[in-house]
Each structure stands twice: as C-alpha cells, then as structure tokens.
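The opening residue of the sequence shown carries number 14 in the numbering used here; numbering runs sequentially from there. Ideal Cβ positions, reconstructed from N, Cα and C, are used throughout, including at glycine. Note that the coordinates shown come from a computational prediction; the quantities given were computed from them, not determined experimentally. This report refers to the structure that appears directly beneath it.
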Amino acid sequence: MSTRRQVHLAAHFPGVNNTTVWSDERAESQIAFSSFEHFARNAERGRFDFLFLAEGLRLREQKGRIHDLDVVGRPNTLAILAALAGVTEHIGLVGTLQTTFNEPVELAKQLATLDHLSGGRAGWNVVTSSDAFHGANFRRGGFLDHADRYTRAAEFVGLARELWDSWAPDAVVADAAAGVFAERSRIHDVDHHGPQFDVAGTFPVPRSPQGHPVLVQAGDSDEGRDLAARHAEVIFSLHTEFEDAKAFRRDVTARLERAGRTADELLVLPGATFTIGDTAADAEERSRAIRRAQVSPATAIAFLEQVWNRDLSDHDVDGPLPTVEPDVDADAITRGRVRHVRDPRATVQAWRERAEAERLSTRDLVIAVSTRGGFVGTPDHLAAEIDRYVQERASDGFVVVPHTNPYGLDEFVDRVVPLLQERGVYREHYDDGAPLRQTLGLAGTIARRTAVTA
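As structure tokens, then:
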C-alpha cells in the first residue's frame, strides 16, 4: 500500500503589494504587533510549517512621489520574527533578507540568534537586488549587474554556512555561572578570501539548534534556479497553473541532480491565493469582488504608467487602453518595483488585442493581467486541488497568500485545513520541540549535503 504524500503549507503575511486589499473593513495595521501576532497564532492553529515575511528596503515611488500603498511603511523583518518567537511554539519563522546589501557575518549572526531564540525555527529566504534605487540607501549602492548579484549571493550563502559550521555540533557552550567554557578545539576560525568577501576570525554565536537556518529561495531566473539547486531547501515559486508547476518542478529537479542533490532535499511551494465560497458560484463572485478591490482606479493608472513609462493620470480607466505608445527611452518613472515586462511595446500590443477581443476596459484589462485568480471554489474543491497538486508532484504544497491583514488566513484554517486532515495528507499536531527542518520533513538534508560537499 502506497503512502500518500503529505501537504506542506506556509503563510505569507499580507503586506504592501498588489494582492492586499487595504479598503477591506477587516484590514488592520501593518505596523502594530497585534496584527503579526494574530496572523502567527492563526497559522500555528492551522499547523502550518512556517510563516513568511517579505522585506522592503525603501518606499517605492511613482513619478517622484511615494507610492500610495507604501505609506503604511515597511517594518524590519528580523525584529518582527524575534518578537513572534515569544508568542508561538511550533511554527517556523522565515524572513526575506538581502544578500546584495547585507554582510555575511552580521546576517549569519542575526539568523543564528533567531534560531536560538525560537528553539530552532528560523529560516532565511535568500533574495538579491541590482536596483540602484534601493542601493542608494547603502554604501555600495546599486552597481551590481543581474548576473553579478547571483555571484555575490552564492558566495554569501556559502560563507554563511561556513560561519555556522565553524562551531562543531558537540562544542561546549560557554556558561560562566557553571564554570564551563567553550572547548577551543571544537571551534575553528573562519579564514575566507574570495572575490566578494574577506573574513577572518571566530564566529561569535554558538551552533544553533538547527545548525543552519532553513534556506528558502524565491528567484525564478536561470541564476536563481541554479542558486536554489545548490543551496535551498524550499523554493517559493510563482508557478501555480498545474502543467506549468509540473514543468517548473522538472526543471528544478534536473538542476538538483547536476548539483549532486536529490529531489527529496528541496520542497517546491508556489505562492497562491485561495477564495472560498459555500458554492462554486459564490466563490467566483467573491473572487471577482476581491480582484476588483485589489485594482482601484488609481492602482490601475499606476500599473499602466509602469509599462507605458508615461504620466497617464488623466486617462479614463473605464475606457479603452491608451493609444499613445510606451516611452522606452526615458528614465523610469517607477522606482523600487520589480519590472516584470521585458518588452513594453510587444506587451502593450498584446494587451490591446486582448482588450479588443474580450471587450475589456482599461481597468478590466489591468485586473485580468495583474491579479491572481488563484484557487477558487468550495472548501471541498480547494482541499481536493491542493491534494492533487501534491500527489501528482506539481508541488509539495503552497504558500498561502491572503488578501487581508491580519484575518485573511482565518477562513482557510477553519474550512480547508480540516478537510486536508480528513484526507490523511496533513498533520493534526506538531511534533513537540521539532525544529523547522524536521517539520518540513528535511531533517537529514544538512548531513547529506555535508557528505556531498566534503
């Protein structure tokens, strides 16, 4: 009798993005700790593997002004996770943290400290940036080209692992009160001299409960996928359509094999929205209402301006798309946002053809191309779809992305999680004292990877 594959779920805290509906009457503060606490406790009630915080290094700008959805601010990720460690017991705490504008020793120290404070529940979503707008807040600026930022990231992660491994697993931790001090022979200095970093000295934090915080990676480029194949234990993927998700997993598996790793050493968790209704029709209506709330007239204009690279503030969003062509030669009027459109002219032409064929207004077109329809249906349908993706190896589960803060996860926990448990594919309780890597089913990956790289 075959054993059914287990579903893994993570929760992404809603933030300043194109999915959060701040106009929802339930929406609360992005800064108040009560928001983070409710979200974390609820995710833990749902037996999620981990919660996931994004990072914002600078407020985005549109035409030289702060983007209207950024006025709530972007609080520090590590500070929030450290505070959440004190009000949760089991759920993993994963933060998005840059390799481009941080330094390995300092970040490795902070992550090891979080792993100690949380009893082995820390994780690091490794991201990069070549954005000079963000870089202006840092001494090195934004000089890194796209390829170079991954060169730096690979050396950064490798050096962080070297720092964490410089304390042997059985090294005695200093305890002055008990008269016990670290055995120097079990701790070695790090002497690293590479293209990006020069580090010499003793790492100041004893080996943490997991040895290494769990490494997550979210980049989708070739360089990002290669980085994940070499170092990551979880991929936060963009690929939610079934066949696309399977293709992505096949690609990553092939890269894992080239890196000397196996498919069971890396979990693939696409980020996805879930809209629940009592009936299929009710769920579809709720999804349409949510997507329209996500794209206000002002948001639709801002989205167009990012592609057209022009001031379109006078454009009627209830009418057709602008007839003017994109300005591809001028300086970008949007700063601090990732550009997903590589060829604005071709994109605009495709949008015009779609809008004409489907009789879409400007706002309707923006809703169609910028929002996530995600998974829509009754609780039974959503549980069945999640199970299908996992059993057929399209993914190992999902990162659930709610549309409101902090209550957007509640209904999923109340109505979908019990059905997954009834199917026998989702945990009913945590293992007491289990570190995040064990919760994810990756407890042996550190030992295996050490053997591979030795």
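Asked, Found
"Since I believe Val389 is in contact with Ser326 (beta carbons under 8 Å), could you give me their beta-carbon distance rounded to a whole number of angstroms?", "About 33 Å separates the two Cβ atoms, so there is no contact after all."
"Pick helix, strand or coil for Thr266, following the three-state DSSP scheme.", "helix"
"Quick check: what's the CA-CA separation for Ala260 versus Gly214?", "44 Å"
"Alpha helix (DSSP H) containing Gln404: first to last residue?", "392-404"
"Is it right to say Val337 is buried, meaning 16 or more other beta carbons lie within 10 angstroms of its own, or is it exposed?", "exposed"
"Hey, Ile399 and Val20: beta-carbon distance below 7 Å or not?", "yes"
"Are at least three pairs of beta-carbons, each pair with one atom in the stretch 419-437 and one in the stretch 48-58, less than 8 Å apart?", "yes"
"Look up Gly410 in the DSSP assignment and give the residues it is bridged to.", "His21"
"State the Cα-Cα distance for the pair Ala370 and Ala96, rounded to the nearest angstrom.", "51 Å"
"Quick one: any contact between the stretch 439-459 and the stretch 134-143, if contact means 3 or more CB pairs under 8 Å?", "yes"
"Can you round the beta-carbon distance between Leu22 and Asp62 to whole angstroms, since I take them to be within the 8 Å contact cut?", "6 Å"
"In angstroms with no decimal places, state the Cα-to-Cα distance between Leu455 and Glu246.", "8 Å"
"If the criterion is Cβ atoms closer than 7 Å, does the pair Ala258 and Phe411 meet it?", "no"
"Are at least three pairs of beta-carbons, each pair with one atom in the stretch 230-241 and one in the stretch 158-173, less than 8 Å apart?", "yes"
"Starting from Phe65, trace the beta strand (DSSP E) in both directions and tell me its first and last residue.", "63-66"
"Just how far apart, CA to CA, sit Glu68 and Val330?", "31 Å"
"Pull up the distance between the alpha-carbon of Leu130 and that of Ser221, whole angstroms please.", "9 Å"
"Opposite Asn138 in the DSSP bridges: which residues?", "Thr109, Val229"
"Could you give the residue range of the beta strand (DSSP E) that holds Phe249?", "247-250"
"With DSSP collapsed to three states, give me the class of Arg440.", "coil"
"Pick from Gly387, Gly437, Ala343, Ala40: whose alpha carbon is nearest that of Pro283?", "Gly387"
"Looking at the structure shown, is Pro415 part of a helix, part of a strand, or coil, going by DSSP?", "coil"
"Helix or strand or just coil, what does DSSP make of Ile346?", "coil"
"Assuming the contact rule is C-beta atoms closer than 8 Å, Gln404 and Arg17 should be a hit. Round their C-beta distance to whole Å, please.", "7 Å"
"Report the CB separation of Trp177 from Gly224 in whole angstroms; it is logged as a contact under 8 Å.", "6 Å"
"Rounded to the nearest angstrom, what separates Tyr443 and Gly59 at their Cα positions?", "10 Å"
"Reducing DSSP to helix, strand and coil, say where Arg60 ends up.", "coil"
"My guess is that Pro335 and Trp321 are in contact by the Cβ rule of under 8 Å, so how many angstroms apart are they, rounded?", "6 Å"
"At what residues does the beta strand (DSSP E) containing Leu282 begin and finish?", "280-285"
"Can you tell me which of the three DSSP states Met14 falls into?", "Its pLDDT being 43, under 50, Met14 is placed unreliably in this model, and the value from its coordinates should be taken loosely. If DSSP states are grouped into helix, strand and coil, Met14 belongs with coil."
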